[in-house]
Amino acid sequence: ELTELFESYTCYDKFVGKTVPVWFSTEIGHNRDLSTEQSVGHTREYIKTVVPRDDSLIGKKVMVKIESSSKFHLAGFVVC
81 ELTELFESYT CYDKFVGKTV PVWFSTEIGH NRDLSTEQSV GHTREYIKTV VPRDDSLIGK
141 KVMVKIESSS KFHLAGFVVC
């Protein structure tokens, strides 16, 4: 019952379709489903945000268009 409750709610759906500023550090993530690497950044609210890997993002703030959300992070692409 508790597992069903946990899996039933989402936190970040309101960000899908929006463009938000994201700050990138040196963290690199790995998408196991697609076998790809991702650059990992965080929004102002410190929500983990992943985009396709781009090492030139390290130490920068860029605008990211959010395509999807999950329980623990946002996913999108850099727009500027």
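Here the working numbering = 1-based position in the sequence shown + 80. Virtual Cβ for every residue (Gly too), placed ideally from N, Cα, C.
**Beta-bridge pairing of phenylalanine 104 - partner residues as DSSP gives them** = For the purposes of this step, residue 104 is taken as residue 24 along the sequence shown, with counting starting at 1. Its beta-bridge partners are Gly121.
**Asked** In whole angstroms, what is the alpha-carbon distance linking arginine 124 and tyrosine 89?
**Response** For the purposes of this step, residue 124 is taken as the residue at position 44 of the sequence shown. For the purposes of this step, residue 89 is taken as the residue at position 9 of the sequence shown. Their Cα atoms are separated by approximately 22 angstroms.
**Request:** Could you name the residues of the same chain whose beta carbon sits closer than 7 angstroms to that of phenylalanine 95, not counting the 5 residues immediately before and after it, in chain order?
**Result:** Your numbering for residue 95 matches position 15 in the sequence shown. Ile146, Ser149 and Leu154.
**Asked** Would you call phenylalanine 104 buried or exposed, if buried means 16 or more other Cβ atoms sit within 10 Å of its Cβ?
**Response** Reading the sequence shown from its first residue, position 24 is the one you call residue 104. Result: buried.
**Request:** For threonine 129, write down the residues that DSSP places opposite it in a beta bridge.
**Result:** Locating residue 129 in the sequence shown gives position 49, counting from the first residue. Paired residues: Gly121 and Leu154.
**Request:** Report yes if the C-beta distance between glutamine 118 and valine 100 is below 8 angstroms; otherwise report no.
**Result:** For this step, residue 118 is matched to residue 38 along the sequence shown. For this step, residue 100 is matched to residue 20 along the sequence shown. Not closer than 8 angstroms, so no.
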